[in-house]
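Number of protein chains: 2
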Amino acid sequence: MENIIIPQEMIVSLEKIVGQSFLFLDEETRKHYGHDETEDYNFPPSVVIKPGNTQEVSEIMKLANEYKIPVVPIGGRTGLSGGALSIYGGIGLSMERFNKIEIDEQNLQGIVEPAVITQVFREAAFEKGLFYPPDPSSQGSCTIGGNVAENAGGARALKYGVTKDYVLNLEVVLPSGEIMWTGANTLKNSTGYNLTQLMVGSEGTLGIITKIVMKLLPKNSHNILMMVPFFKSAQACEAVAEIFRAGIVPSALEFMERDAIDWTLKYVDGVSLDIKDEVEAHLLIEVDGNYPDMLFAEAEKIMGVLDQFEIDEILFADSEEQKNALWKMRRAVGEAVKSNSVYKEEDTVVPRYELPTLLAGIKAAGKKYGFHSVCYGHAGDGNLHVNIIKGDMNDENWNTEVPKGIREIFELTVSLKGTLSGEHGIGYVQKNYMDIAFNDTQLQLMKSIKNIFDPNNILNPGKILPDNL
Amino acid sequence: MENIIIPQEMIVSLEKIVGQSFLFLDEETRKHYGHDETEDYNFPPSVVIKPGNTQEVSEIMKLANEYKIPVVPIGGRTGLSGGALSIYGGIGLSMERFNKIEIDEQNLQGIVEPAVITQVFREAAFEKGLFYPPDPSSQGSCTIGGNVAENAGGARALKYGVTKDYVLNLEVVLPSGEIMWTGANTLKNSTGYNLTQLMVGSEGTLGIITKIVMKLLPKNSHNILMMVPFFKSAQACEAVAEIFRAGIVPSALEFMERDAIDWTLKYVDGVSLDIKDEVEAHLLIEVDGNYPDMLFAEAEKIMGVLDQFEIDEILFADSEEQKNALWKMRRAVGEAVKSNSVYKEEDTVVPRYELPTLLAGIKAAGKKYGFHSVCYGHAGDGNLHVNIIKGDMNDENWNTEVPKGIREIFELTVSLKGTLSGEHGIGYVQKNYMDIAFNDTQLQLMKSIKNIFDPNNILNPGKILPDNL
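Chains A and B supply the protein sequences, listed in that same order. The first sequence begins at 215 in the numbering used here and counts up by one. The second sequence begins at 215 in the numbering used here and counts up by one.
This is the structure we're talking about:
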């Protein structure tokens, strides 16, 4: 697909739909909506439009389908796989005016529009005594719509599941302009094919999400947070599986290599930690519930498990402030690591017991292809973020050797019964590794599904599926 | 589609694949595999075959696809929507030789073949200190493969979710004979379209499931079970939502109308209850966890909520025997109610706060169309089983008036943001109500998905989608 030119008459029609003040052709706006958090890419849409309701989205889609112009839905632009990049230009469909929240206290559900910031939604639920668990590190700026599109996870996924586990029903606009609900507002549903879960994680390639019905839980009143320094990275990884095998399901179990912590402590204000030189990695472990005695018992069990490993003194957060500081640090790791250099980030995921093998494989690939990596992530669910740092590597090696190393890392994850992405999606930057996870039969099925929903391939084209399919 | 005749040469080829001792043409065997638990239907397959491994399934599918002969996968034949009925004859593919279980204690996963009985799998996990929560009432005879195909639920779904929430990855054989995995063995996965969840609940219409990777949890050590008699059915329904609104997530919350209990007490041995004449319904409530003190506190909170309703004395099960007796009774309700008469069972589901409205609507429909219904089910997740009893109703009313009443009940569930089936599937008997839950756009999408996987429509044809689509 070549870069698109939108006919002037179509621009006029689009302006009629959304109104003059919600259509933008200027370079500054287009560039602003041309990037997310994926490496240093910028693919400006040809035009940015900001519809105000589902009906407008429907009319836009009908028009785009008629003119065969790509439409890329845009949320908080915090994505790490390039899902929101307008790689062929076309219409950048910013959903930012879709920001209503309704909390249904009677049914423990949230009816939420896609542009609502994840943290805003979590707080709205919290105020009513309810709990929306998914908490991507970017929760302060990412949107619920983007979370659904990428099937975002976060630190609480090991106990509470990921975004998909909370989505009950979706209002979507198809490329044809038709508006439909994917399911029902029920906790159980065995009524036809699961269109809801087909839409979740489809990265804006099957339909435009305009409304989301989320399951909510009663909120927990207490938690205990502990930071555990390990003298050996591999042992930190091993401890992860051992904690579960002892019958404990923590609400968070995060892994950070030494570099990740050091760089982050320099990057964020107001957090300090006294770490021995010999410490190679940390686990940040949280348990939550309503009964403090139960949490103390769980924490003690965890300490019993940790006894068998070489660890330094455990830090127990003794106040809300200290908890917030530790979480602030953990959430800033990604940004901190990336602030140092050009980078590539992979979102590897394996069954959790395989983490030590994965980590060792990543370091071996780095050695072989000459790159430095900083690893951290949601170890409790086997999801390890691999940040490959360009540093002073020359461009040629960066562009030719590093992708070979990434391919080897992905081959390793798949051989361990894992896969390419745990929570970031495939989007633009991982699509040409999809042949590692899927054979031609599987990829052709996915392509056919795409074709049913979007026969003219106008919805976020050039994402997920490999170029040569 | 007319009833199928399988060419003799194909029978010979099938026999070559599975061996003579695993192919059956006699009437007795065909009739045996011609029914599940759906009303009094019997649709014998033309031939019953019992493949022994995935490769054999693949060869069978290739052959069936070439000859365009329907294939109906058959599990425990406990289904209530007719998913396993060979309505056009063809090949009845009994998966009963697929019965291996592997428990991966390191990753808290079970790798299980489809014919494993649900209870056997639950016990295998339990022996390793692990927990597979889904527990359909038929758990002693239904199979894991059938549970996946119908997205079965059970009594613990309100806290722990349904079958779909445990399926991580599936090995399936497509109608083309191709063997593929749908995903990865990971807790998180944002890698392409969710083929796993498309397969779950697809009732054997998209592929033959030959292996299932299930997530397991650490098992809980304690629970409290209480049986609460309500003087008003409507109040029992209202109490359900109130318990959640008080911040409690029970591990089971079951509703039984008076008739359901009375009939069951007559039907099962070894369970007796002393129930006042004025009692209209019961809730069976369970809380579970590892800390007895916490459970007592939860039970007290529940009793606090129940105080506002007109209830009789609560029965607390004081031994494992009594717990087992109460659960045995609850699980037998379906069979007991159905043993009285010809019946039709609907599997309505609504957001849980709407239960009282649903129950009232069901009774009103019964009055209008002259049928008696007995209702019970998993009220904690809004899933109410409606058993319509033929009793001494004449055949004409049974065949013309009752379907009108069912249609009105389904229209009510959908207007309450609920849907047709919570856990039984649509199968054969509910397919012509699908237009109530879905419009033509949605149904056409489903039909197109079916067509991608199964272009010759050989896999369990005549299920899920309405006849006139």
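Ideal Cβ placement from N, Cα and C applies to all residues, glycine included.
The residue from Gly-415/B, Gly-306/B, Leu-679/B with its alpha-carbon nearest to that of Ile-358/B is Gly-415/B. Assignment of alpha helix (DSSP H) within the region 398-453 of chain B, counting only whole runs of 4 or more residues, yields 409-413 in chain order. For the pair Ser-260/A and Ile-220/A, the CB atoms are nearer than the 8 Å cut-off.
Rounded to the nearest whole angstrom, the C-alpha separation of Pro-617/B and Gly-266/B is 41 Å. Contact check for His-592/B against Ala-369/B passes: the beta carbons are separated by less than 8 Å. Using a Cβ distance threshold of 8 Å, Gln-323/A and Met-428/A count as a contacting pair. Nearest in C-alpha terms to Pro-347/B, of all of Lys-433/B, Ile-426/B, Gly-397/B, is Lys-433/B. Pairing Leu-679/A with Leu-657/A gives a Cβ-Cβ distance under 8 Å. With a cut-off of 8 Å on Cβ pairs, the region 488-508 of chain B is in contact with the region 453-470 of chain B, counting three or more such pairs. The beta carbon of Arg-336/A does not come within 8 Å of any beta carbon belonging to chain B, so the residue lies off that interface.
If the five residues before and after Lys-558/B are omitted, its C-beta is found closer than 6 Å to the C-beta atoms of Ile-602, all from its own chain and listed in chain order.
About 6 Å separates the beta carbons of Thr-268/B and Val-387/B, which is inside the 8 Å limit, making them a contact pair. According to DSSP, Asn-383/A shares a beta bridge with Val-427/A.
In the structure shown, Ser-272/A falls within a helical segment according to DSSP collapsed to helix, strand and coil. Under the 10 Å beta carbon count, Pro-350/B is surrounded by 16 or more other beta carbons and is classified as buried. With contacts defined as CB atoms closer than 8 Å, Gly-354/B and Gln-333/B qualify as a contacting pair. Thr-243/A and Thr-400/B do not touch by the CB rule: their CB atoms are close to 39 Å apart, not below 8 Å. Contact between Arg-544/B and Leu-498/B holds: CB atoms are separated by about 6 Å, below the 8 Å threshold.
Around Met-441/B, no beta-carbon contact reaches into chain A at under 8 Å, the shortest distance being about 23 Å. Neighbourhood of Phe-652/A in chain B, by CB distance below 7 Å: Gly-406, in chain order.
In the three-state scheme derived from DSSP, where H, G and I count as helix and E and B as strand, Lys-558/A is classed as strand.
The beta carbon of Met-508/B falls within 8 Å of a beta carbon belonging to chain A, placing the residue at that interface.
In this structure, the alpha-carbon of Ile-640/A lies about 34 Å from that of Asn-321/A. At a cut-off of 8 Å, the C-beta of Asn-437/A has no neighbouring C-beta in chain B.
Here Phe-523/B carries a coil assignment [DSSP, helix/strand/coil]. Note that the region 220-229 of chain B does not touch the region 417-431 of chain B; fewer than 3 beta-carbon pairs, one per stretch, sit closer than 8 Å. With contacts defined by Cβ atoms closer than 8 Å, Pro-389/A and Phe-667/A form a contacting pair. Assignment of beta-bridge partners to Thr-292/A by DSSP yields no partner.
DSSP places Ser-635/A in the strand class (E or B) of the three-state scheme. Residues of the region 459-489 of chain A that bring their beta carbon within less than 9 Å of a beta carbon in chain B comprise Arg-459, Ala-460, Gly-461, Ile-462, Val-463, in sequence order. Ala-474/A is positioned such that its CB atom lies closer than 8 Å to that of Val-547/A. Residue-level contact by beta carbon holds for His-638/B and chain A, with a gap shorter than 8 Å. For His-246/B, the enclosing alpha helix (DSSP H) begins and ends at 241-246. Counting every other CB atom within 10 Å of its CB across the protein chains shown gives Asn-611/A a total below 16, marking it as exposed.
Per DSSP, the beta bridge partners of Val-285/A are Ile-305/A, Leu-673/A.
Listed as beta-bridge partners of Gly-503/A by DSSP are His-436/A.
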